[in-house]
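Working notes, beginning with the structure itself.
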């Protein structure tokens, strides 16, 4: 089971059971924000032009 499949199944029944999309949508959002913050931190740490 993947997050995409969970979102797809939740989308099909969104009008009747809207809470089924919350868990995979929030999980996917947290993962995306986490990777974005990690990438920003790595860029700040390893980019020599940023230290000037």
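Residue numbers (this note's numbering): 2 to 53.
Don't be surprised by glycine CBs; every beta carbon is placed ideally from N, CA and C.
| query | result |
| --- | --- |
| N- and C-terminal bounds of the alpha helix (DSSP H) containing residue 36 | 23-47 |
| C-beta contact flag for residue 4 and residue 25 at 8 Å | yes |
| Proximity of residue 6 and residue 15 at Cβ, strictly below 8 Å | no |
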